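Report on the structure given below.
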Amino acid sequence: MKKYITNLFVDASKKLDYLNDREIQLSVPANPLHGDLSTNIAMILTKELKKNPRQIAEEIITNLNYNKNYISKIEIAGPGFINFTFSNSFLADILNVVNQQKEEFGKSQKYINKRANVEFISANPTGPLTIGHGRNAVIGDTIANLLEAVGYQVDREYYFNNAGRQMRVLGDSLKLRYLELLGEKIDFPDDHYQGEYIRDIARKLIDEFGDGCKQKDNNFFKEKAEKEIFIDIKNTLSRLGIKMAIFYNENDLYESGKLEEVKQKLADKNLTYEKDGALWLKLSELGREDDKVIVKSTGEPTYRLPDIAYHTTKFERNYDLMVDLFGSDHNATYPDVIAGVKALGYDESKIKVVIHQFVTITQGGEAVKMSTRKANFITIDELIDEVGADVVRYFFLMRNVNSHLNFDLEIAKKQSDENPVFYLQYAHARICSILRMTVEQGLQPYYDSLNKLEKEEELNLIKKLHHYEDEILYAAENCEPNKIANYLEELATLFHKFYTECRIIGSEKDLAEARIALVTSVRTVLQNGLKIIGISAPEKM
RNA sequence: GCGCCAGUAGCUCAAUCGGAUAGAGCAACAGCCUUCUAAGCUGUAGGUUAGUGGUUCGAGUCCACUCUGGCGUACCA
4 MKKYITNLFV DASKKLDYLN DREIQLSVPA NPLHGDLSTN IAMILTKELK
54 KNPRQIAEEI ITNLNYNKNY ISKIEIAGPG FINFTFSNSF LADILNVVNQ
104 QKEEFGKSQK YINKRANVEF ISANPTGPLT IGHGRNAVIG DTIANLLEAV
154 GYQVDREYYF NNAGRQMRVL GDSLKLRYLE LLGEKIDFPD DHYQGEYIRD
204 IARKLIDEFG DGCKQKDNNF FKEKAEKEIF IDIKNTLSRL GIKMAIFYNE
254 NDLYESGKLE EVKQKLADKN LTYEKDGALW LKLSELGRED DKVIVKSTGE
304 PTYRLPDIAY HTTKFERNYD LMVDLFGSDH NATYPDVIAG VKALGYDESK
354 IKVVIHQFVT ITQGGEAVKM STRKANFITI DELIDEVGAD VVRYFFLMRN
404 VNSHLNFDLE IAKKQSDENP VFYLQYAHAR ICSILRMTVE QGLQPYYDSL
454 NKLEKEEELN LIKKLHHYED EILYAAENCE PNKIANYLEE LATLFHKFYT
504 ECRIIGSEKD LAEARIALVT SVRTVLQNGL KIIGISAPEK M
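If you use the working numbering, the first sequence corresponds to residues 4 to 544, in order.
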């Protein structure tokens, strides 16, 4: 409908010059008395034309040649809004469209033949995924789902480094626990990984090799730990319904020579210099505040060089869009990387960095500080065991990525009956129940009597269904998965109100069957939306 | 000190590029099940949108400053 109205304005611009190339903002008014879509164009033009906005609106409306089958009326209201009201025949047609498109409804072809890469989680394999990673994982996966819904072919990518200091400490930690379990007296250092999972892996080694690994070096233990931990991480992700397409190891950048190549290119552009035995990148010439070290005096690169090199590989893999999802602790570092990528001649506008704020974990009102090393953490696995994958996903998704997410463990555990995710699923289950019942009564969805739907609860529901496609597109383009969670809650609310006010069984046959067509469409949209946020749609609860 | 993010009802959060009377849920109070699932619905109460100034037809939203909180500010990632 937005497209239709926009085209009306394009036609009108042939007569009204000032409408030429003007973007028409159409929004859904909060107050139903203000119609179904509204534009403020007349008020925007008022300054330029030095005319009263209501006069301008009047002039525009007389030049809008609209079809009464789509729009029942156009009105001027308030200071100069132009309000459009959908006709009932248009609303009825929405249900036909949903019914025809089914699981395709809401998807679009806007980015068909485009390829996107969504990089997320990217936690080094030093321990199980914790609540801290959970938000990143769920947001990333849902952004990927959204991009797929608007046409992109998407690769989900996990970047990790198994070569750094963190991983050496991990290998050490495993070796010490191994020796400890074999009866040696071990003084386990504070700065090593304290978690019980290290002992679990050590036990596996003993089961497999007995004491035969005593003489093995750090590398052996490191590799064993990495392997076991990755199995665990992948298992956790799979419980959340997440499947990564690519695990990209930072080490490949060294082995392939990519790192050296990028370093050389930066040098060729005269963007590096040596100082104090280290190699510096002239970030101050690239719009950043200070120059930064990219190769330490020890010869080891800092994270910046491999990160820049890594991003160049994404460009070489020909993605049209690259989404990087980080926690807010990375917010000072990524601009350096982007500046480096740009300096190498890549189009940095293809990279979209999404920063999500931290999850604040509280237990009984008290904040819990998390640290993988200190083993003071709650794993996603534990959380799934407690409340189920659906609740975990929904909890991490329901807030704006820019907002801190307050995760009260006690509420998450005990409040499962009142969790909003059940509210959505309940709406779906109720519809399924109705449909089971109506089949027994010999009733079927009937699309030729949709004009019988004229109660407020019915019309509001249909209008909400109509907005679904716009919501998906907006959420995808802006990487705001929480919009879909909010939308589905609103849709569920409208359905529950409908359910309370409008009966199907017992109503006159044409009306009953039109209502069946309506709830069938609602079910379709609930299913489609829940699928995008990765939550199940139960038929019974 | 500087940078990014936030501050909206008692609590947790919405509010589509600046739009019309700032909305939900939880908690509180009062109602609704002989009829399709009460994990639901209806009503009452709850607000100087942290503060001060500015921009304009119009500000929770934009700008400046102040206050509070989170995350950063490495030759750690």
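Even for Gly, the Cβ is constructed at its ideal location relative to N, Cα and C.
On a predicted model such as this, the values are computed, not experimentally measured, just so you know.
Taking DSSP as the reference, what is the three-state secondary structure of residue i?
{"i": "S510", "result": "coil"}
{"i": "R202", "result": "helix"}
{"i": "P131", "result": "coil"}
{"i": "R118", "result": "strand"}
{"i": "G330", "result": "strand"}
{"i": "R57", "result": "helix"}
{"i": "S75", "result": "strand"}
{"i": "Q447", "result": "coil"}
{"i": "A488", "result": "helix"}
{"i": "R439", "result": "helix"}
{"i": "F89", "result": "strand"}
{"i": "D158", "result": "strand"}
{"i": "I535", "result": "helix"}
{"i": "I249", "result": "strand"}
{"i": "Y80", "result": "Note on residue identity: the sequence assigns Ala, not Tyr, to residue 80. Reduced to three states, the DSSP call for A80 is strand."}
{"i": "L40", "result": "strand"}
{"i": "F163", "result": "strand"}
{"i": "M4", "result": "coil"}
{"i": "S30", "result": "strand"}
{"i": "K170", "result": "It should be pointed out that residue 170 corresponds to Met in this sequence rather than to Lys. In this structure, M170 counts as helix in the three-state DSSP scheme."}
{"i": "L182", "result": "helix"}
{"i": "M46", "result": "helix"}
{"i": "L19", "result": "coil"}
{"i": "L324", "result": "strand"}
{"i": "Q112", "result": "coil"}
Quick one: using the 10 Å Cβ neighbour count with 16 as the cut-off for buried, is residue i buried or exposed?
{"i": "N454", "result": "exposed"}
{"i": "T301", "result": "exposed"}
{"i": "M544", "result": "exposed"}
{"i": "E258", "result": "exposed"}
{"i": "A248", "result": "exposed"}
{"i": "G81", "result": "exposed"}
{"i": "Y276", "result": "exposed"}
{"i": "V545", "result": "This structure gives no information on residue 545, because the portion of the chain shown stretches from 4 to 544."}
{"i": "Q197", "result": "buried"}
{"i": "P304", "result": "buried"}
{"i": "N86", "result": "buried"}
{"i": "E516", "result": "buried"}
{"i": "I536", "result": "buried"}
{"i": "N485", "result": "buried"}
{"i": "E160", "result": "buried"}
{"i": "L36", "result": "exposed"}
{"i": "N409", "result": "exposed"}
Out of the options, state which residue places its alpha-carbon closest to the alpha-carbon of residue i.
{"i": "F361", "options": "N405, D144 and D350", "result": "N405"}
{"i": "E26", "options": "P484, F12, K18 and K17", "result": "F12"}
{"i": "R506", "options": "K534, A478, L494 and E461", "result": "E461"}
{"i": "A495", "options": "T503, A430 and Q530", "result": "A430"}
{"i": "K317", "options": "K261, N86, R57 and A15", "result": "K261"}
{"i": "Q530", "options": "D350, H314, K110 and E292", "result": "K110"}
{"i": "L177", "options": "A119, A147 and I209", "result": "I209"}
{"i": "V265", "options": "T49, E319 and F89", "result": "E319"}
{"i": "E492", "options": "Y450, Q428, P192 and G391", "result": "Q428"}
{"i": "P338", "options": "N222, L29 and K355", "result": "K355"}
{"i": "L179", "options": "A166, H195 and N252", "result": "H195"}
{"i": "D473", "options": "L22, N10 and V31", "result": "V31"}
{"i": "N252", "options": "N222, A312 and L243", "result": "A312"}
{"i": "E151", "options": "L22, Y21 and K534", "result": "K534"}
{"i": "S524", "options": "E480, I465 and R307", "result": "I465"}
{"i": "N321", "options": "D158, T503, F89 and I146", "result": "D158"}
{"i": "N43", "options": "D279, P56 and K219", "result": "P56"}
{"i": "P131", "options": "T49, K416 and F233", "result": "F233"}
{"i": "Q104", "options": "E542, S539, T527 and I201", "result": "T527"}
{"i": "T315", "options": "R291, N463, A346 and V394", "result": "A346"}
{"i": "F89", "options": "G83, N72 and L98", "result": "N72"}
{"i": "D39", "options": "N463, V424, N489 and A520", "result": "N463"}
Report back the beta-carbon spacing between residue i and residue j to the nearest angstrom; my notes put them in contact at under 8 Å.
{"i": "V357", "j": "L328", "result": "5 Å"}
{"i": "I79", "j": "E51", "result": "The pair is not a contact, with the Cβ atoms about 19 Å apart (cut-off 8 Å)."}
{"i": "A478", "j": "L29", "result": "Their Cβ separation, rounded to whole angstroms, is 17 Å, which puts A478 and L29 out of contact at 8 Å."}
{"i": "D323", "j": "K117", "result": "4 Å"}
{"i": "V101", "j": "L468", "result": "6 Å"}
Contained alpha helix (DSSP H) runs [length at least 4] in the segment 335 to 416, N- to C-terminal order: 337 to 346, 383 to 390 and 392 to 400
Starting from the N-terminal side, write out each stretch of the alpha helix (DSSP H) that is 4 residues or longer and does not extend beyond the segment 195 to 246. 199 to 212 and 221 to 242
Which runs of the beta strand (DSSP E) fall wholly inside the segment 256 to 307 and span at least 3 residues, in chain order? 275 to 278, 281 to 284 and 295 to 298
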